[in-house]
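The end of the sequence shown is residue 413 by this note's numbering, with every number in the run present. Worksheet: one structure, shown below.
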Amino acid sequence: MTTKLLQNCGKCGLCLSVCPVYKILKEEQASPRAKLQLIKAYDNNILASSDLLKEIVSKCLMCGSCAANCPSGINHYSKFMEMRKKMVGAQGETPAIKSLIYLLGREYRLKFGAGLARTGQKIVPDSFAKTFKLGNIPLKNFPKLNSIPFRKANDEIILPYKKQIGTVIYFTGCATNYLYDDTGFAFIEILKHMGYKIIIPKDQACCSIPLLFHGAADKALKNITTNINALKNHDADRILVDCSTCGEALKNEYPRMIENQGQDPSHANKIAPKVMDALSFIDQNIDRLEFDSNFTDKLSVTYHAPCHTRNSFGSHIIAEKLLSKLPFINYKRALDVDECCGGGGTFFYEYPEISKKMVDKKIENAKAVQASLWLTDCPVCRMNIAGNLDMDDRLQVLHPLTLIHSALKQI
Ligand code: SF4
Ligand code: SF4
């Protein structure tokens with residue numbers, strides 16, 4: 003496999019031109035093609051494991067831009083995940099990442115951890131919250147955790163306001179469940195207005211992408227099986243996600259992971275083609291929504307296209323078109339709308355200097371179009387962008403679903 007991988011790489015350098023890390027560091031060793039060469043050398047026992055090798059391989063946002071643009075069809079993504087697993091096995095993991103993996107590995111642990119973190123948010127002194135940072139983000143800039151997990155706050159089955167035209171499953175992911183329930187409540191309302199019955203399976207777990215990205219494939223498998231079981235038992239037209247990283251997991255990684263385990267991938271294969279991102283679904287059903295005609299002043303809005311929306315779904319173009327045609331929006335396209343913001347799961351925490359350069363440039367370009375709202379359909383991008391804004395930047399960051407819901411005509 004590795005030999006074939008190397009043969010396929012024509013060293014054209016296209017992956018360098020789209021790699022956000024390379025664009026900042028401008029060092030060959032930070033490039034996707036160099037990572038591939040190092041992986042090959044390691045697999046062929048030419049290169050030994052070391053902290054430096056682990057760092058070079060890990061200095062990557064797992065954005066998927068290299069794979070999406072490689073003319074030789076190399077799947078960097080899966081090679082990087084395999085290599086990260088080997089590196090964690092050989093070099094170990096930091097305590098912070100180990101703790102995160104532990105929490106995400108089981109839903110009850112995550113629920114407990116979210117509860118603890120929420121209590122911590124209430125009692126931590128302001129002075130500490132202003133000065134203590136995770137990566138570049140002061141604690142005070144992190145969103146308040148949901149008072150009740152989103153799935154607990156909602157019934158498993160929700161009926162539409164009008165005549166039912168179909169059924170959808172809503173895969174909420176961890177972020178909506180524990181962090182950004184405004185996104186979830188808005189999506190439910192939008193779907194009810196459209197006429198869809200909504201199923202929110204209670205027994206969902208983390209999509210497992212963070213575990214896979216940190217080389218914890220073994221721990222990810224338990225969650226993957228839980229999610230496949232939760233989704234396969236419901237009959238629905240579509241499985242909707244409000245986070246394209248969850249979508250990437252359900253659509254592309256689950257079938258591959260299950261097959262790699264030598265298990266029957268038929269359920270994962272049936273689930274994958276039903277997965278759709280929220281904005282594409284709204285775009286297809288836009289005629290079913292009625293907007294409040296009192297919304298006379300158009301809101302000036304800009305957008306950040308998350309990497310997985312772009313590289314896994316290719317739906318960033320649909321998202322921008324949708325925002326441009328909504329009657330209450332004056333869409334202002336930022337110069338670097340589809341550049342990575344530097345959030346990248348835990349990248350913002352592990353490599354704050356690189357991440358800061360990326361997000362500062364995004365902020366500069368968003369401010370240049372003089373929008374008042376900045377929309378993005380990825381919770382980590384939202385957290386990273388909002389966390390790095392200053393009060394005087396006068397930009398509010400939201401998921402597009404929240405804004406669309408707020409403009410709906412009341413039923
Ligand atoms: S884009 Fe693909 S073929 Fe070109 S250098 Fe990168 S990995 Fe190699
Ligand atoms: S996944 Fe993104 S950050 Fe990582 S090497 Fe590829 S383009 Fe660069």
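Positions of the beta carbon are idealized from the N, C-alpha and C atoms, including for glycine.
Measure the C-alpha to C-alpha separation of residue i and residue j and round it to an integer number of angstroms.
i	j	result
F82	P140	30 Å
K411	V303	20 Å
N287	A274	21 Å
T311	K56	27 Å
I260	A222	11 Å
I167	K146	36 Å
L63	R290	37 Å
M3	M85	The predicted model places M3 with a pLDDT of 48, which falls under 50 and marks its position as unreliable, so this point remains unresolved.
G107	L213	8 Å
E30	P73	19 Å
L405	H78	35 Å
Y198	A92	49 Å
Y163	N156	16 Å
K28	S19	10 Å
D379	K204	23 Å
P151	Y180	5 Å
N367	I192	30 Å
L233	I202	9 Å
F189	G115	25 Å
P354	Y24	15 Å
Y182	P381	8 Å
N231	T247	20 Å
D299	K327	15 Å
A131	K142	5 Å
I2	G264	Shown here, the chain extends from 3 to 413; a query on residue 2 therefore has no answer.
N138	G122	20 Å
I365	D266	46 Å
G217	W376	33 Å
S80	L38	11 Å
Buried or exposed for residue i, please, with buried defined as at least 16 other CB atoms from any protein chain shown within 10 angstroms of its CB.
i	result
P34	buried
M393	exposed
S374	exposed
S314	buried
T5	In this prediction, T5 scores a pLDDT of 47, lower than 50, which makes its location untrustworthy; no coordinate-derived value is stated.
R384	buried
S357	buried
A50	exposed
V243	buried
S282	buried
N390	buried
Y351	buried
L325	buried
K13	exposed
L329	Per the sequence presented here, residue 329 reads as Pro, with Leu not at that position. It is exposed - the Cβ of P329 has fewer than 16 other Cβ atoms within 10 Å.
L403	buried
N229	buried
K154	exposed
E292	exposed
Y44	buried
A69	buried
G117	exposed
T133	exposed
Y256	buried
Q398	exposed
Q9	exposed
Which partner residues of residue i appear in the DSSP bridge assignment?
i	result
M278	L242
P145	DSSP, once it has assigned bridges, lists no residue as partnering P145.
F173	V243
N332	S302
V399	W376
L118	Its beta-bridge partners do not exist; DSSP assigns none.
G389	DSSP lists no partner for G389.
G168	Y198
L112	L112 pairs with nothing; no bridge assigned.
L410	F293
K135	P140
I160	I200
Which runs of the alpha helix (DSSP H), 4 residues or longer, sit entirely within the segment 16-104? 16-20, 22-27, 34-45, 53-60, 67-71, 78-93
My parser needs the alpha helix (DSSP H) runs of 4 or more residues fully inside the segment 176-262; what are they? 183-196, 211-215, 219-234, 246-250, 256-262
Give, in chain order, every unbroken run of the alpha helix (DSSP H) that is at least 4 residues long and sits entirely within the segment 266-311. 268-273, 280-286
Run through the segment 329-368 for me and flag every whole beta strand (DSSP E) of 3 or more residues, listed as ranges in chain order. 331-333
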